[in-house]
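Written out below as structure tokens is the structure these notes cover.
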Amino acid sequence: MPQGKPEQVPDDGLTTRERRNRPLVIVHTGPGKGKSTAAFGLALRAWNQGWPIGVFQFVKSAKWRIGEERALRVLGDSGEGAPVTWHKMGEGWSWIRRPGTEADHEADAREGWEQIKRDLAAETYRFYVLDEFTYPMKWGWIDVEDVIAVLRDRPGAQHVVITGRDADPRLVGFADLVTEMGKVRHPMDRGQKGQRGIEW
């Protein structure tokens with residue numbers, strides 16, 4: 056595709072400007088590293104545009120101190136750009152499900168989704184990062200059709216980025232932009248765990 060030129064122009068009755076500024080649903084999925092990293096890169100662009108940002112982390116531990124959170128919180132509090140609000144949906148759980156803890160995590164995930172629905176209805180943010188949100192859908196905790204319906208009917212100009220492996224095909228079919236991160240090689244393949252500055 057030539058840079059900046061769409062392959063086709065739909066007969067949707069919109070002007071070029073209206074079509075260009077249509078809010079997007081973006082999905083970053085696949086087995087490769089970088090899905091959340093890319094989403095937070097988009098959040099930096101949103102911050103620069105002055106768009107209020109809501110980050111909802113569904114799986115990563117509330118105890119983790121990740122670099123993106125600190126950077127975006129500092130930027131949000133700087134008085135420049137846009138405010139940033141960070142929500143963590145669980146205490147210490149990871150995408151590896153542990154026996155005996157699922158009921159609490161499911162309740163946390165459902166409440167997180169209910170909060171997102173309230174925020175979308177109120178147009179609280181202009182840019183949303185739903186980090187690792189594919190997992191609660193994959194596990195059946197949150198209904199994919201409900202997610203699609205809410206996102207389809209959201210008011211205003213709210214952009215939503217969803218990250219995580221194994222995105223449901225229905226969500227992939229609905230989204231405006233889908234990127235699948237593939238893994239060619241990873242340090243963990245050679246027994247090397249994550250490290251500061253790269254993973255957090």
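So for the sequence shown, the working numbering puts the first residue at 56; every next one is plus one. Ideal Cβ positions, reconstructed from N, Cα and C, are used throughout, including at glycine.
Exposure of residue i, with buried meaning 16 or more beta-carbon neighbours within 10 Å
| i | result |
| --- | --- |
| Thr-218 | buried |
| Asp-332 | Since the first residue shown for the chain is 56 and the last is 255, residue 332 is missing from the structure and cannot be characterised. |
| Val-239 | exposed |
| Glu-62 | exposed |
| Arg-225 | exposed |
| Gly-246 | exposed |
| Ala-137 | buried |
| Lys-248 | exposed |
| Gly-131 | buried |
Coarse secondary structure for residue i, derived from DSSP in three states
| i | result |
| --- | --- |
| Trp-255 | coil |
| Thr-234 | strand |
| Thr-70 | coil |
| Ile-121 | coil |
| Ala-93 | helix |
Own chain, CB closer than 7 Å to residue i, minus 5 neighbours either side, in chain order
| i | result |
| --- | --- |
| Leu-79 | His-214, Asp-231, Leu-232 |
| Ala-164 | Phe-113, Met-144, Pro-191, Trp-196, Ile-197 |
For residue i, the residue or residues it bridges with in DSSP
| i | result |
| --- | --- |
| Gly-109 | Thr-140, Tyr-183 |
| Thr-218 | His-83 |
Beta-carbon proximity list for residue i, same chain, < 6 Å, skipping 5 on both sides
| i | result |
| --- | --- |
| Lys-193 | Asp-221 |
Neighbourhood of residue i by C-beta distance below 8 Å, restricted to the same chain and skipping five residues each side
| i | result |
| --- | --- |
| Arg-207 | Phe-229 |
| Val-227 | Val-82, Thr-84, Val-233 |
| Leu-185 | Phe-111, Phe-113, Ile-171, Val-215, Val-216, Ile-217, Thr-218 |
Check: residue i C-beta below 7 Å from any heavy atom of the ligand ATP
| i | result |
| --- | --- |
| Val-64 | The ligand ATP is absent from the structure shown, which contains no ligand whatsoever. |
CB contact flag (residue i, residue j, <8 Å)
| i | j | result |
| --- | --- | --- |
| Gly-109 | Tyr-183 | yes |
| Pro-107 | Arg-173 | no |
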